[in-house]
Amino acid sequence: MELSKVDETVTQLLGEVLQMPTTQITDELTMSEVETWDSLTHMEFIAMLETSINTPLTFEEIVAMKNVRAIKQILRAKLAN
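When the letters of the sequence shown are read in order and numbered with my numbering, they come out as residues 58 to 138.
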């Protein structure tokens with residue numbers, strides 16, 4: 058995945074897995090704010106992300122993904138290497 062597509066991909070995948078409009082997905086959005094964003098849904102999202110970027114994420118990276126901004130930052134850093 059290209060770095061320029063990180064934001065779009067994260068928003069699209071989160072919208073799909075959380076079953077919510079992408080217009081409601083902001084960088085500040087956290088797991089605790091969305092009723093459908095539980096640990097199982099988070100892992101479903103992670104699996105979709107790993108498929109999209111064709112790279113596995115580490116446990117530390119997954120745990121650090123506490124809001125949308127963190128998810129995007131982690132992906133950008135991973136893809137830049």
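Ideal Cβ placement from N, Cα and C applies to all residues, glycine included.
Here the structure is a predicted model, which means the values were calculated and not measured.
- Looking at the backbone, the Cα of Leu106 and that of Val67 are separated by about 8 Å.
- Per DSSP, reduced to three states, the secondary structure at Thr83 is coil, with no helix or strand assignment.
- For the pair of segments examined, the stretch 74-91 was found to touch the stretch 117-124: the number of CB pairs separated by less than 8 Å reaches three.
- Looking at the backbone, the Cα of Glu92 and that of Ile103 are separated by about 17 Å.
- For Leu97, the closest of Leu75, Glu117, Asp84 and Gln130 by C-alpha to C-alpha distance is Leu75.
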